[in-house]
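Residue numbers (our numbering), protein chains in the order written: chain A, 1 to 239; chain B, 1001 to 1239.
Have a look at the structure below before the remarks.
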DNA sequence: AACACATGGTTAATGGTATTCGCGATTTAA
DNA sequence: TTAAATCGCGAATACCATTAACCATGTGTT
């Protein structure tokens, strides 16, 4: 039973429309093209009206951020779920590939979630870094699994620089998994490479030489899987 | 002999001032805070006057980009020059550290030169990627030296994925050094890691866990130097 | 020295943006 | 039925970029 009053229904519809429009504009023109006036025009209302729904332009950006985050996390999770549950190599590969593909297809979204736009939407305090948490957990589960199976080469805590250990510990705790410090460091080592390639590709720094970035991606994955004692799975399912 | 007419002198002064102001504003408030009106206010003229000097706001941004590029390249080159000319490990370490330090101290500049801002200032055609060229040459010289000394482990061209080889070749040619494909690939492998850490640090994604990013940096440098068959130099000079 | 021209600043105007405020209409709830 | 909450609007303020017309002044020439 939809015990929704007329007002509530109309309000929900307009908000939904506005969020969709805001997201479309952001993807098409970048977040700097996302303006209160443009959204208002698209949903057929005057700009001040949107202030009843969002906290100004910043609120619109924040709404886009939230929607995009959900989409991103779900996309990556789906890609993992498509793989053979026992093939961790394929799962890692697919997850990373999904991150890259999604990012290239949603550059403005990437910028907002994981790139230069994040500090702006997050502000000083910082939204609890959804990406660090969500993505970290997703990858972390796979690392944990390799660890349980006893086939994950990782440094002993004593062999890690003393000033690095407490920081890695905080990182591990943000992810929220009970991983050894050496494994968390291994994750960071992987992420710094993935993230580097991501930014290079999304921000267009590779265009001049690497029109298609997939060869570079595969080369990186071979490196990373090797780092984890794995090889590329022959049963990878792309979707 | 300064055969400068009064007009020319005044013009040069105002342009110099405006560029300096534009750069200061950019560093303090980010490039989105760089406005024609603000610069005009700071140099004591009305906004339209600046159109005699710059091609509107875009021209201002471009001017900042040029100045910042020169500063960046010089800073990194200086850091290298400070090292023992025969200690390639120290030179590589110092160069990378200089890139990181400069980027953290000039976040808006980093964004413009190497980050999300670059596509905007570069436009479609793309300024011949100064960074790729300048930085590539700087690091490339060091790699070339290691290669000449015969102590740079790198993959043979036959062992590199066939679709990657031609891309690497283009990359190598942009840098403008006569390096084997395997060495150029090695450079790209290093750069993707350095760049990843850079973006993570500059865009604030590490703040939550890694307040100070130097331990992570040193960990990465150990990895990278190891990749090149080097160890961290005991004679590194920091400045 | 007087002239004409180029230069570089001004003001005014246009049109875009965000945001706040107060009004009136409509819907909801008592 | 009536009072209150909600919501959209128009007007106003204050930024911004950019163009056009205009005017003073510097420059070089006659």
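By construction, the Cβ of each residue, glycine as well, lies at the ideal position given by its N, Cα and C atoms.
In the pairwise beta carbon analysis, the region 1006-1013 of chain B is classified as not touching the region 102-115 of chain A: fewer than three pairs are separated by under 8 Å. Taken atom to atom, the span from the alpha-carbon of residue 221 of chain A to that of residue 1110 of chain B is near 27 Å.
The alpha-carbon of residue 1185 of chain B is positioned some 25 Å away from that of residue 1122 of chain B. The residue from A:193, A:205, A:172, A:69 with its alpha-carbon nearest to that of residue 1200 of chain B is A:193.
Between the beta-carbon of residue 135 of chain A and that of residue 217 of chain A there is about 17 Å, and that puts the pair past the 8 Å contact cut.
With respect to residue 140 of chain A, residue 164 of chain A sits apart: the two C-beta atoms are not nearer than 8 Å. One thing to note: residue 1138 of chain B has its Cβ within 8 Å of the Cβ of residue 1077 of chain B.
Across the region 1150-1183 of chain B, CB contacts with chain A closer than 7 Å involve 1161, 1163, 1164, 1167, 1170, 1171, 1174, in sequence order along the chain.
Listed in chain order, the non-local C-beta contacts of residue 1190 of chain B below 6 Å within the same chain comprise 1224, local neighbours out to five positions each way being set aside. For residue 1112 of chain B, the closest alpha carbon among the candidates B:1080, B:1069, B:1148, B:1090 is that of B:1069. In the DSSP annotation of this structure, residue 157 of chain A is not part of any alpha helix (DSSP H), being labelled neither H nor E. C-alpha of residue 1214 of chain B to C-alpha of residue 1073 of chain B: approximately 21 Å in a straight line. Taking a contact to require three or more Cβ pairs closer than 8 Å, the region 156-173 of chain A and the region 1145-1164 of chain B do not qualify as touching. In the DSSP assignment, residue 64 of chain A falls within the unbroken alpha helix (DSSP H) covering 56-81. If you compare the alpha carbons of B:1093, B:1171, B:1181, B:1031 with that of residue 1235 of chain B, the shortest gap goes to B:1093. Residues of the same chain with a CB within less than 7 Å of the CB of residue 182 of chain A, apart from the 5 flanking positions on each side, are 154, 155, 156, 157, 160 in chain order. Burial check for residue 129 of chain A: the Cβ neighbour count within 10 Å reaches 16 or more, so the residue is buried. Counting along the chain, residue 1171 of chain B sits inside the alpha helix (DSSP H) bounded by residues 1165-1175.
In its chain, beyond the 5 residues on either side, 1174 have a beta carbon closer than 7 Å to the beta carbon of residue 1132 of chain B.
Of the residues A:152, A:226, A:115, A:18, the one whose Cα lies closest to the Cα of residue 55 of chain A is A:18. Within the same chain, Cβ atoms closer than 8 Å to the Cβ of residue 40 of chain A are found at 46, 47, 49, 50, the five residues on either side in sequence being excluded. Taking 9 Å as the upper bound on Cβ-Cβ separation, chain A lies near residues 1193, 1194, 1195, 1196, 1197, 1198, 1199, 1200, 1202, 1203, 1204, 1205 of the region 1193-1205 of chain B.
Distance from the CA atom of residue 1020 of chain B to the CA atom of residue 1004 of chain B, rounded to whole angstroms, is 21 Å. In this structure, residue 188 of chain A lies away from residue 203 of chain A, with their beta-carbon atoms at least 8 Å apart. By the criterion of a C-beta distance shorter than 7 Å, residue 1096 of chain B is surrounded in its chain by 1194, 1221, once the five residues flanking it on both sides are discounted. Contacts between residue 1140 of chain B and chain A, judged by CB atoms closer than 9 Å, are missing: the closest CB pair is about 14 Å apart. Per DSSP, reduced to three states, the secondary structure at residue 203 of chain A is coil, with no helix or strand assignment. For residue 35 of chain A, there is no enclosing alpha helix (DSSP H), since its DSSP letter is neither H nor E.
Put simply, of A:79, A:80, A:116 the residue whose alpha carbon is nearest the alpha carbon of residue 1030 of chain B is A:116.
Counting only residues of its own chain and dropping the five nearest sequence neighbours on each side, residue 142 of chain A has a CB closer than 7 Å to the CB of 88, 91, 92. Of all residues in the region 1017-1048 of chain B, the ones placed with a Cβ closer than 9 Å to any Cβ belonging to chain A are 1030, 1032, in chain order. For residue 119 of chain A, the uninterrupted alpha helix (DSSP H) run begins and ends at 118-122, by DSSP. At a cut-off of 8 Å, the C-beta of residue 129 of chain A has a neighbouring C-beta in chain B.
Collapsing the DSSP output to three states places residue 1011 of chain B in a helix. Each residue's CA atom was taken as its position, placing residue 208 of chain A and residue 86 of chain A some 39 Å apart. A check of alpha carbon separations from residue 34 of chain A across A:15, A:58, A:16 identifies A:58 as the nearest.
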